[in-house]
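Residue numbers (the working numbering), protein chains in the order written: chain U, 75 to 270; chain R, 75 to 270.
There are 2 protein chains.
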Amino acid sequence: MSPLDQLMKHLAKLPGLGPRSARRMVLYMLKRREAVMLPLIDALTRAAQDVKGCTTCGNLGGCDPCEICRDNGRDRGLICVVEDVADLWALERSHAFRGIYHVLGGTLSALEGIRPADLKIEKLLERVKLNETREVILALNATVEGQATAHYVAERLEDAGVTISKLAHGLPVGGELDYLDDGTLAAAMQARRKAG
Amino acid sequence: MSPLDQLMKHLAKLPGLGPRSARRMVLYMLKRREAVMLPLIDALTRAAQDVKGCTTCGNLGGCDPCEICRDNGRDRGLICVVEDVADLWALERSHAFRGIYHVLGGTLSALEGIRPADLKIEKLLERVKLNETREVILALNATVEGQATAHYVAERLEDAGVTISKLAHGLPVGGELDYLDDGTLAAAMQARRKAG
């Protein structure tokens, strides 16, 4: 296989890319080898070598423990449980949380054969026991698997003597009622709060 | 900047990618370093080193002259003129053309300041003069710039004593009348052929 076909094959396997977008990308890069392609190869090589998983919370970053776990300004009494590193990053971008995290690494799924032992649940129980944890926030996706996993984790934490909470359902900020699904609308109605 | 941010910045600059898809891609790759990331780095490095532009036609490939220019089974009397390497590849995938190509490297554009000297037009005239060219097919995009460029190239080739043709306009195969724009529909009507 030619180096061109080889490269397109590898690119087309990445999420969100197919043969067509991979082709476009390859042409774009080959026309800009010095400006785009070589710096990208460099960045990929550095990331492949230097990015580590945090052995405490499961975040990815340049050091272990990660920057969040090292940060003494963070409230170690609050642990936010997420499915994936992407969710942790999303919460960080929102600047809405100043505690620490725990990445489960997926959700329970009978279909895909993912059992509790495949997720970092024991590690979470350990952390909750060892530290001064006051509250565990289950920030799992509002999917069937996410909610089943939240339910299971909550059960396992029952005797740990910590508050267990989860994210509120409701109208997205900037969202319009007319475009919202019935389930969310019902949840928003049920969880209504006094105005003003 | 951390190696993670650096990598996402470089990826987000590629066509079709933004910050969100770059993030997803980075997480996907970092979870599969051996299986996905290292082979991709390898393929990028090889392509950056080994892929050459063909000095005859402008195609990209592992050798110069490219495989198409080297292929003795091709009809050297037919030169198909395209804007970009991507168009050449598209025509090759259609298996509809057995001649050789000429990549202009863009289209004339007053707006972007692209003049005839910026395109490989002189080189095309040279090739047409030197070789046993019978026909030049202008396979340029059906955009304003593409058609203006086709017009200009046709004018320059007027005295070369070769047939000049361009791709037919019409109904795309599998296309529905109702979804077609008026211009294409009018062109298809005008260029109608006897059925059967």
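No residue lacks a Cβ here, since even glycine has one placed at the ideal position from N, Cα and C.
This one's a predicted model, so the numbers in the text were calculated from it and none came from an experiment.
{"Check": "Which one or two residues does DSSP pair with D149 of chain R in a beta bridge?", "Outcome": "R:G173"}
{"Check": "For the alpha helix (DSSP H) holding I238 of chain U, just list the boundary residues, first then last.", "Outcome": "Unbroken run through I238 of chain U is the beta strand (DSSP E), T237 to K240; no alpha helix (DSSP H)."}
{"Check": "Does the distance from the C-beta atom of A276 of chain U to that of I115 of chain R stay below 8 angstroms?", "Outcome": "Given a span of 75 to 270 for chain U in the structure shown, any question on residue 276 of chain U remains unanswerable."}
{"Check": "Under a three-way DSSP split, which group does E141 of chain U fall into?", "Outcome": "helix"}
{"Check": "Please list the residues of the stretch 228-244 of chain U that have a C-beta atom closer than 8 angstroms to any C-beta atom in chain R, keeping them in chain order.", "Outcome": "none"}
{"Check": "R189 of chain U: which of U:E108, U:V210, U:L212 and U:T223 sits nearest, CA to CA?", "Outcome": "U:T223"}
{"Check": "Counting only Cβ pairs nearer than 7 angstroms, list the residues of chain R close to I115 of chain U.", "Outcome": "I115, L118, T119 and A122"}
{"Check": "Do you know how far the Cα of M99 of chain R is from the Cα of R120 of chain R?", "Outcome": "21 angstroms"}
{"Check": "Quick one: does Y175 of chain R have its CB under 8 angstroms from some CB of chain U?", "Outcome": "no"}
{"Check": "Restricting to Cα atoms, I'd like to know which of U:M111, U:L118 and U:V110 is closest to P113 of chain R.", "Outcome": "U:L118"}
{"Check": "Just to confirm the assignment, what range does the alpha helix (DSSP H) spanning I195 of chain R have?", "Outcome": "I195 to L204"}
{"Check": "By the DSSP assignment, the beta strand (DSSP E) with L112 of chain U in it spans what residues?", "Outcome": "Premise fails: L112 of chain U lies in the alpha helix (DSSP H), L112 to D124, not in any beta strand (DSSP E)."}
{"Check": "Tell me where the alpha helix (DSSP H) around E166 of chain U begins and ends.", "Outcome": "V159 to S168"}
{"Check": "Please work out which residues of its chain come closer than 8 angstroms, Cβ to Cβ, to T207 of chain U, disregarding the five sequence neighbours upstream and downstream, and give them in chain order.", "Outcome": "R150, G151, L152, I153, R201, A234 and V236"}
{"Check": "How would you label R94 of chain U, buried or exposed, when you count the other beta carbons within 10 angstroms and need 16 or more for buried?", "Outcome": "exposed"}
{"Check": "Mind checking if A139 of chain R is an interface residue toward chain U, Cβ cutoff 8 angstroms exclusive?", "Outcome": "Correcting the residue identity first, residue 139 of chain R is Pro in this sequence and not Ala. No - not a single Cβ of chain U is within 8 angstroms of the one on P139 of chain R."}
{"Check": "Could you pull the start and end residues of the beta strand (DSSP E) that L212 of chain R belongs to?", "Outcome": "E209 to L212"}
{"Check": "What are the boundary residues of the alpha helix (DSSP H) that includes T181 of chain R?", "Outcome": "Neither: T181 of chain R is in no alpha helix (DSSP H) and is coded neither H nor E."}
{"Check": "Counting contacts by CB-CB distance shorter than 8 angstroms, is D194 of chain U in contact with chain R?", "Outcome": "According to the sequence provided, residue 194 of chain U is Lys. The question's Asp does not apply to it. It does not; no Cβ of chain R falls within 8 angstroms."}
{"Check": "G136 of chain R touches chain U at which residues, Cβ-Cβ below 9 angstroms?", "Outcome": "S76, P77 and L78"}
{"Check": "Per DSSP, G127 of chain R forms a beta bridge with which residues?", "Outcome": "R:L134"}
{"Check": "Might you give, ordered along the chain, the residues of its own chain that have their beta carbon closer than 8 angstroms to the beta carbon of K194 of chain R, omitting 5 neighbours on each side?", "Outcome": "G132, H176, V177, L178 and G179"}
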